[in-house]
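Encoded as C-alpha cells, the structure appears first; notes follow it.
Residue numbers (the working numbering): 2 to 424.
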C-alpha cells in the first residue's frame, strides 16, 4: 500500500495494493530533476564509456510493513523487556560502525530515548554519514569510513578497525531506517554530497561474483522501483532478476548468518514485486522480477519453510545448520549457543514479513519466540553488547510480530511509563 507522506506528496504515486502484502512508501517525491549536481554528473566506466547516474523517482525509501499482530508470539511486557536490552548504548570511543548500523536499521532515524546515554536515531545516522563524527570516535589515524569514489562515495568495509563489516550493509541499514536521499553526507573531498552519492556509487560497484549481495539487493529494491535494471561501472547489465538468482544460488552454509540474510532479502524482493504488479501503474505492472524468477524465489522460500519445519529443536530454537533439515536435529552439532540466537532471531524476522503460505505451523513460531525471548533476557548487559548485532535482529523481529516497529512501540511505552510515574 503506497501512502502519501504527510511531508510531501508523490508526483507519481502507485495506486492499488494487495490486502495481505502491504508496503508503505513514506514521503515520496519525484526527484530526478532535483538530484544533486554531484550525482547528476556523468561518470566513466572501466571500458572508457560514459554512464549517467541511475534515475531514481523518490526521495524516501520504500518501507516494508509486517503482516501479523500475535500477542501469543510476544506480549507487550516481553517486547518492552527485550527492546530495553537492545537500546543503542555504545561507548563514544572506537564506536563500531557495524553495531550502529544494526541499531539504526532496527530503531530507525526517528527513534528517541529518554536516557541521554542511548543514541537517538539521528545520532546514529549522523555517526555513519559525517566524517567529523567518525574522527571524534576513532581519531585521525584510522582510515575514513566514507571514501571518495569516482561517481560518489563508497564505504570502507571489511574486518579492519573502524570499517563497516559487510558490503553495502551501511547502505541497506540507512535505507531500512528511512533516510532521505537528499540527506547531506559529509565526506573528505565531497562538498555538497548527499546520501544519493552513496547509493549511486553502490549501484556502479555491485558485482554478481561477490560473496555477499544480500544488502545490495535489499538496498536497491528499497530505492529503484519501478526501475528494475541498470548498468554497472564495468558496463555490465544488472537487474533484480540477476540478484535474485545469485541469492538463490549456493548452499545455506556459505551465506552470512547461516544464510538467513539471503532469505530475508528474497522475501523483501517478492513483497515489493507483488505490490508493483497489483498497483495499477503501467510502469510497475511488470513487477520487480520476471515471472520465471518470481516462481523460483517462491519455490526457494517454500524449501526454506520446509527445512525449518523439521530442523527446530524441542526448546524452540533453530540451529545454525537449519539448512540440513531433520538431520540438524537427529545429529546436532557442537555449536556455540549464539549461533542458535542468530538462526532463530533471523528466521523470526523474515517470517514476520512473509505470507502464511511460507510459514511453518504457528505453534513452531511461538515456541521459537519464547526461546529467543528467554535467551535474550538472560544475557547480562555486557554479554549482550558483545553480540549486539545478533540480538538487534531479535528486537526487530519481535516488534514486527506485533505489527509495529521498535521505535513506535518504545515511544508508546515511554509515554505510558511517564504517565504511570505521574499518577
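Ideal Cβ placement from N, Cα and C applies to all residues, glycine included.
Check: Buried or exposed (CB count within 10 angstroms, at least 16 for buried), residue 215; Outcome: buried
Check: Option nearest residue 242 by Cα separation, candidates 235, 229, 236 and 251; Outcome: 229
Check: Alpha-carbon spacing of residue 118 relative to residue 125, whole angstroms; Outcome: 12 Å
Check: Proximity below 8 Å, CB of residue 406 to CB of residue 400; Outcome: yes
Check: Proximity winner among 128, 152 and 151, relative to residue 145 (alpha-carbon distances); Outcome: 128
Check: Candidates 411, 269, 363 and 337, of which the one nearest residue 73 by Cα; Outcome: 363
Check: Beta-carbon contacts of residue 163 that lie in its chain and below 6 Å, excluding the five residues immediately before and after; Outcome: 139 and 143
Check: Environment of residue 16 [buried if 16+ CB atoms lie within 10 Å]; Outcome: In this prediction, residue 16 scores a pLDDT of 39, lower than 50, which makes its location untrustworthy; the coordinate-derived value is nonetheless stated afterwards. Exposed, by the Cβ-count rule.
Check: Residue nearest to residue 274 in terms of C-alpha spacing, selected from 261, 283 and 289; Outcome: 289
Check: For residue 131, three-class secondary structure by DSSP; Outcome: strand
Check: Contacting residues, own chain, Cβ-Cβ under 8 Å from residue 277 (five flanking each side not counted); Outcome: 15, 226, 227, 285, 286, 287, 288 and 289
Check: Proximity to residue 315 [Cα-Cα], best of 330, 179 and 178; Outcome: 330
Check: Paired residues, beta bridge with residue 366 - DSSP; Outcome: Per DSSP, none; premise fails for residue 366.
Check: Three CB pairs or more closer than 8 Å across the region 84-96 and the region 150-158; Outcome: no
Check: Residue range of the beta strand (DSSP E) that includes residue 148; Outcome: 147-149
Check: 8 Å Cβ cutoff met for residue 346 and residue 107; Outcome: no
Check: Euclidean distance between Cα positions of residue 121 and residue 413; Outcome: 16 Å
Check: Cβ distance (whole Å) where residue 99 is taken to contact residue 149 below 8 Å; Outcome: Contact doesn't hold; Cβ gap of about 22 Å is too wide.
Check: Own chain partners of residue 351 with C-beta closer than 8 Å, once the 5 adjacent residues on each side are dropped; Outcome: 261, 264, 265 and 268
Check: Alpha-carbon to alpha-carbon, residue 231 and residue 383; Outcome: 45 Å
Check: CB of residue 311 within 8 Å of CB of residue 270, strictly; Outcome: no
Check: Coarse secondary structure for residue 70, derived from DSSP in three states; Outcome: strand
Check: Residue 156: first and last residue of the uninterrupted beta strand (DSSP E) it sits in; Outcome: 154-156
Check: Supposed contact pair residue 207 and residue 217 - C-beta distance, whole angstroms, cut 8 Å; Outcome: 5 Å
Check: Span of the alpha helix (DSSP H) around residue 188; Outcome: Looking at the DSSP string, residue 188 is not in any alpha helix (DSSP H), and its letter there is neither H nor E.
Check: Residue of 340, 353 and 282 minimising C-alpha distance to residue 272; Outcome: 353
Check: Local conformation of residue 274 per DSSP, three classes; Outcome: helix
Check: With 16 other Cβ atoms within 10 Å as the buried cut-off, status of residue 296; Outcome: exposed
Check: Own chain partners of residue 96 with C-beta closer than 6 Å, once the 5 adjacent residues on each side are dropped; Outcome: 138
Check: Buried/exposed call for residue 337, threshold 16 Cβ in 10 Å; Outcome: exposed
Check: Residue 232 in three-state terms, based on DSSP; Outcome: strand
Check: Proximity to residue 233 [Cα-Cα], best of 367, 339, 54 and 422; Outcome: 54
Check: Contacts around residue 152, its chain only, beta-carbon distance under 6 Å, and the 5 residues preceding and following it disregarded; Outcome: 44, 201, 202 and 205
Check: Which of helix, strand or coil DSSP assigns to residue 405; Outcome: coil
Check: Counted within 10 angstroms of its Cβ, other Cβ atoms place residue 333 as buried (16 or more) or exposed; Outcome: exposed
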